[in-house]
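Count the sequence shown with this note's numbering and you get residues 5 to 223, in order.
I have placed the structure first, in the form of structure tokens, so that the comments after it can refer back to it.
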Amino acid sequence: MLVLYGINLSTFTRKVRLALLEKGIPHRLEIAPMGSPKVKALHPLGKIPVIQDQGIAVPDSSVIIAYLERAYPDRPLYPAAAVPLARALWLEEYADTRLREATLPYFSEHVVKPLFQGKPADEAALAAAAGPRDEAFNYLESELPPNGYAAGESLTVADVAIGAQLVTYCQGAGAIDASRWPKLARYLAALLARPHWSEVHREEESALEAARARRKGSP
Ligand SMILES: N[C@@H](CCC(=O)N[C@@H](CS)C(=O)NCC(=O)O)C(=O)O
């Protein structure tokens with residue numbers, strides 16, 4: 005069976021989990037943090053996610069999803085036609101890079117530092133994050149349709165990639181401000197209402213709750 009190495013609360017692990025679940029591919033998540041010996045043995049950069057399938061290791065969420073499309077063609081996440089395919093791949097790339105950089109500070113400062121490192125949030129880093137966050141959210145607000153999916157008539161890799169980043173943002177910053185970005189807020193709510201997404205989301209909320217409880221109980 006396909007094995008996915010990663011951790012919950014990792015954005016790129018979430019992206020691949022959602023792709024596997026949406027495509028209905030049987031798999032097992034093996035908890036393996038970034039930089040761990042297991043991950044380093046499979047991924048030259050020591051990053052997560054990495055999968056093992058059919059006797060090979062496949063690193064990098066985008067490469068993994070491209071591999072899955074060929075190895076498991078049912079329920080495709082790549083549109084068939086060239087134009088929506090280009091749009092889906094661009095939005096995936098945008099989510100993995102610019103949206104990632106623009107939203108990660110909220111998670112780092114409000115979740116990683118206080119809950120996992122016992123450090124206070126850096127208020128200057130949070131203040132500096134607002135501009136890039138606004139720019140990225142404004143771009144997506146202008147690109148998304150009023151309802152439905154980011155690229156084409158059905159769920160694609162673009163939705164998995166954008167949604168995975170937005171979940172990380174909300175874990176750090178709270179809900180997307182629907183008065184400023186109504187389409188984006190509606191878009192994420194619709195994704196999170198999908199059965200597999202709500203299942204993953206609930207699991208991650210429990211992990212966050214447990215981390216908060218541990219932190220509260222620690223001296
Ligand atoms: N481009 C990679 C990014 C993966 C990535 O940055 N993963 C994070 C966890 S969500 C990680 O392993 N960070 C540790 C590091 O950058 O060394 C992908 O799409 O898989």
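Cβ coordinates follow ideal geometry from the N, Cα and C atoms, glycine included.
Close-in-space but distant-in-sequence residues of the same chain around residue i (CB under 6 Å, 5 per side omitted)
i	result
glutamate 34	Val7 and Tyr9
aspartate 57	Leu6
tryptophan 201	Leu195
glutamate 127	none
Neighbour-count burial assignment, residue i, 16 or more Cβ in a 10 Å radius
i	result
alanine 106	buried
glutamate 139	exposed
serine 210	exposed
lysine 220	exposed
glutamate 207	exposed
arginine 137	buried
aspartate 100	buried
glycine 59	exposed
glycine 156	buried
proline 53	buried
arginine 21	buried
glutamate 26	buried
Residue i: CB within 7 Å of a non-hydrogen atom of ligand 1
i	result
glycine 50	yes
threonine 107	no
aspartate 64	yes
serine 40	no
serine 14	yes
aspartate 100	yes
proline 53	yes
threonine 160	no
Contact set for residue i: own chain, Cβ-Cβ below 7 Å, skip 5 residues either direction
i	result
tyrosine 191	Leu148
isoleucine 29	Leu6, Leu72 and Tyr76
serine 188	What sits at residue 188 in the sequence shown is leucine, not serine. Once the five neighbours on either side are set aside, the close Cβ partners of leucine 188 are Phe141, Leu144, Glu145, Leu148 and Ile180.
leucine 89	Tyr82 and Pro83
lysine 19	Ser65, Val164, Ala165 and Ala168
glycine 39	Gly50
glycine 152	none
Residue i versus the options, residue with shortest Cα-Cα distance
i	options	result
arginine 198	Glu96, Tyr71 and Gly167	Gly167
valine 120	Glu213, Arg21 and Asp64	Here residue 120 turns out to be phenylalanine, not valine, going by the sequence shown. If we check each option's Cα against that of phenylalanine 120, Glu213 comes out closest.
lysine 51	Leu81, Asp57 and Val62	Val62
lysine 123	Ala132, Leu130, Ala131 and Glu113	Glu113
histidine 205	Tyr82, Met38 and Leu170	Leu170
threonine 15	Phe111, Pro118 and Gln56	Phe111
arginine 104	Glu26, Gly176, Ala217 and Leu25	Gly176
alanine 154	Lys27, Ala86 and Leu93	Leu93
alanine 162	Arg91, Arg79, Arg184 and Ala45	Arg91
isoleucine 69	Pro41, Arg102, Ala45 and Leu24	Leu24
glycine 178	Leu159, Thr160, Ala129 and Leu108	Leu108
alanine 85	Thr160, Ala217 and Ala132	Thr160
Cβ neighbours of residue i in the same chain (closer than 8 Å, five flanking residues each side left out)
i	result
arginine 32	Met5, Leu6, Val7 and Leu8
Threshold first: 4 residues or longer. Then list the alpha helix (DSSP H) segments lying entirely within the segment 86 to 124, N to C.
If only uninterrupted alpha helix (DSSP H) runs of at least 4 residues are considered, those enclosed by the segment 86 to 124 are 86 to 98 and 104 to 111.
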